[in-house]
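To start, the structure itself, in structure tokens.
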Amino acid sequence: MNELNREWKGSGGSTPGTGADPQWEPEILAFCCEYCAHSAAALAGSKRIQYPTGVRIIPAPCTGKIEMEHILEAFERGVDGILVVGCLEGGCHFLEGNLRARKRTERVCEVLDEIGLGGGRLKMVNLSDSMASEFVREIHEMLKTARALGPNPLKSKQNESAGDI
Amino acid sequence: MIVASPKSITELKSIISGHKKVLFAGCGTCVTVCLAGGEREVSIAAYSVRMARRLERHPVEITQITIERQCENEFIKELAEPASKVEAIVSFGCGAGVQAIAERFPDKPVYAGLNTQFLGVLEEQAVWTEKCMGCGDCMLAHFGGICPVTRCAKRLLNGPCGGSLEERCEIDSDRPCAWQLIYTRLKNIGQLEKLEAIVPPKDWSTAWYNGARKVIRKEHKV
Chain E
1 MNELNREWKG SGGSTPGTGA DPQWEPEILA FCCEYCAHSA AALAGSKRIQ YPTGVRIIPA
61 PCTGKIEMEH ILEAFERGVD GILVVGCLEG GCHFLEGNLR ARKRTERVCE VLDEIGLGGG
121 RLKMVNLSDS MASEFVREIH EMLKTARALG PNPLKSKQNE SAGDI
Chain A
1001 MIVASPKSIT ELKSIISGHK KVLFAGCGTC VTVCLAGGER EVSIAAYSVR MARRLERHPV
1061 EITQITIERQ CENEFIKELA EPASKVEAIV SFGCGAGVQA IAERFPDKPV YAGLNTQFLG
1121 VLEEQAVWTE KCMGCGDCML AHFGGICPVT RCAKRLLNGP CGGSLEERCE IDSDRPCAWQ
1181 LIYTRLKNIG QLEKLEAIVP PKDWSTAWYN GARKVIRKEH KV
């Protein structure tokens, strides 16, 4: 997971204040459980259901394996929104990984609100592997939310470091 | 083990507001087990504070390291090199760890990243309860292994107060009455007669009310 997360650099294409830019497309990460959401995403592809190209799917062995650090690191790198997609409650292959993931996701939402980035940028949903259209609908919902919130303000500051102060 | 809880990101941010290079030091012992100051928690705090400071256009460079134990000089040595490159250290150890690091680096500000709570045990996933207050004169042998000094809100040594309701403490209905626990325990182990003995007033001179304490074991001293 860490390696996958580290590969994500973000396009860095937008700057603050460009929320009104019609060309701006939010960059969304979708952490998808391999037992459900990842299959749902694959099914959406097979069914030719379209969704914007700014969405990056990251497969996970279980949403319970997604640590809070993974989500925070992605936001620090500038993604505009993150969707954590796990199995339906009661349907986790590892019994309760999705339930744990929900608690962690809620905690990260609190942190994002506390630091001023906005907890709305992160959402967890539960789907089964056959729910392709619901998966795409959730992606569109997240895109809509991210558009309303505007670009991640950390994106424009990616090159900032204490050394630049 | 020592149980601690994390400080809020807002408080951490405020504590290091005057610094641009900070070391977040975790501890791999008690506070790792109680999910407060281990490698993972330090990492979460570092990401959060770093993002918060960047959003305020006042970025901070945070280095992270988690050592085996912050309360022993032998392990604190590992902090020497990273500490030399920062303006301040935030220790995610217990209060003892924070002070041990502060003594080791006298010219460096050292701040606490956690609120140290008590000596306790894990009851269930993510729930810890206090069991011992370290009074320095353990009386557990009299009470079937259940400490009224710590677990009775009134610290009564000779029976319950009469305020308990359905085996729960009148101070907090979530808390079991320590004396009910003691009675049940002594009954189960066939030592109910111990309740007939009058326990004299406790000697509190061994507790921290007398100031910071010191333990010296001559047989091990070199």
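These protein sequence lines are chains E and A, in that order. Mapping the first sequence onto my numbering, position 15 (from 1) lands on 15, and the numbers just tick up by one. Mapping the second sequence onto my numbering, position 212 (from 1) lands on 1212, and the numbers just tick up by one. All C-beta atoms in this analysis are idealised placements derived from N, C-alpha and C, irrespective of residue type, glycine included.
Item, Value
"Please state the DSSP three-state secondary structure of residue 1128 of chain A.", "strand"
"Would you list the residues sitting across from residue 1089 of chain A in a DSSP beta bridge?", "A:1023 and A:1110"
"Classify residue 126 of chain E as helix, strand or coil using the three-state DSSP reduction.", "strand"
"Can you confirm whether residue 75 of chain E, when its beta carbon is compared against all beta carbons of chain A, has any partner nearer than 8 Å?", "yes"
"Say whether the region 1040 to 1050 of chain A touches the region 1067 to 1074 of chain A, bearing in mind that this needs 3 or more beta-carbon pairs closer than 8 Å, one atom from each stretch.", "no"
"Below 8 Å on the Cβ atoms is my contact criterion, and I expect residue 76 of chain E with residue 1051 of chain A to pass it. Report the Cβ-Cβ distance as a whole number of Å.", "5 Å"
"Is residue 19 of chain E close to chain A? Criterion is C-beta to C-beta, closer than 8 Å.", "Residue placement at residue 19 of chain E cannot be trusted, given a pLDDT of 47 that sits under 50; what the coordinates show is reported in the next sentence. It does not; no Cβ of chain A falls within 8 Å."
"For residue 48 of chain E and residue 148 of chain E, I'd like the C-alpha separation in whole angstroms.", "27 Å"
"Going by DSSP in three states, residue 1081 of chain A sits in which element: helix, strand or coil?", "helix"
"Please look up how many angstroms separate the CB atoms of residue 143 of chain E and residue 135 of chain E, rounded, as I've assumed it's under 8 Å.", "That belief does not hold up - the Cβ atoms of residue 143 of chain E and residue 135 of chain E are roughly 13 Å apart, past 8 Å."
"Anyone know if the C-beta pair for residue 1082 of chain A and residue 1012 of chain A falls short of 8 Å?", "no"
"For residue 64 of chain E and residue 45 of chain E, I'd like the C-alpha separation in whole angstroms.", "25 Å"
"How about residue 55 of chain E: is its C-beta nearer than 8 Å to some C-beta of chain A?", "no"
"In whole angstroms, what separates the C-alpha of residue 1001 of chain A from that of residue 1018 of chain A?", "33 Å"
"Taking C-beta pairs closer than 7 Å, name the residues in chain A that residue 111 of chain E reaches, listed in chain order.", "1009 and 1048"
"Taking Cβ positions only, does residue 151 of chain E come closer than 8 Å to chain A?", "no"
"Roughly how many angstroms lie between the CA atoms of residue 133 of chain E and residue 1101 of chain A, to the nearest whole one?", "55 Å"
"Are the CB atoms of residue 1003 of chain A and residue 1118 of chain A nearer to each other than 8 Å?", "yes"
"Suppose you measure from the CA of residue 1157 of chain A to the CA of residue 1170 of chain A; what does that come to, to the nearest Å?", "17 Å"
"How many Å lie between residue 1149 of chain A and residue 1120 of chain A at the Cα?", "14 Å"
"Check residue 109 of chain E in the structure and name its three-state DSSP category.", "helix"
"Give the straight-line distance between the Cα atoms of residue 1188 of chain A and residue 32 of chain E, rounded to the nearest whole angstrom.", "51 Å"
"I'd like to know if residue 1014 of chain A contacts chain E, where contact means its C-beta is closer than 8 Å to some C-beta of that chain.", "no"
"Which chain A residues sit within Cβ distance under 7 Å of residue 115 of chain E?", "1009, 1048, 1051, 1052 and 1055"
"Just to make sure I have the definition right: I need the residues of chain A whose C-beta is within less than 8 Å of the C-beta of residue 154 of chain E. Which are they?", "1051, 1054 and 1055"
"Which same chain residues end up closer than 8 Å to residue 1033 of chain A when comparing Cβ atoms and leaving out the 5 residues on each side of it in sequence?", "1001 and 1122"
"Just grab the DSSP bridge partners of residue 84 of chain E for me.", "E:31 and E:124"
"Where does residue 23 of chain E fall in DSSP's three states?", "coil"
"How far does the alpha helix (DSSP H) with residue 1064 of chain A in it reach, from first residue to last?", "Per DSSP, residue 1064 of chain A belongs to no alpha helix (DSSP H); it is in the beta strand (DSSP E), 1061 to 1067."
"DSSP three-state call for residue 1118 of chain A: helix, strand or coil?", "strand"
"Step through the CB atoms of chain E and report whether any lies within less than 8 Å of the CB of residue 1044 of chain A.", "yes"
"Taking the beta strand (DSSP E) that residue 60 of chain E falls in, what are its first and last residues?", "55 to 60"
"Where does residue 131 of chain E land, buried or exposed, given buried means 16+ other C-beta within 10 angstroms?", "buried"
"For residue 1127 of chain A, does the count of other Cβ atoms within 10 angstroms reach 16, so buried, or fall short, so exposed?", "exposed"
"Is there contact between the region 105 to 120 of chain E and the region 52 to 61 of chain E, where contact requires at least three CB pairs shorter than 8 Å?", "no"
"The region 1029 to 1042 of chain A: which residues have C-beta closer than 9 Å to a C-beta of chain E, in chain order?", "1040"
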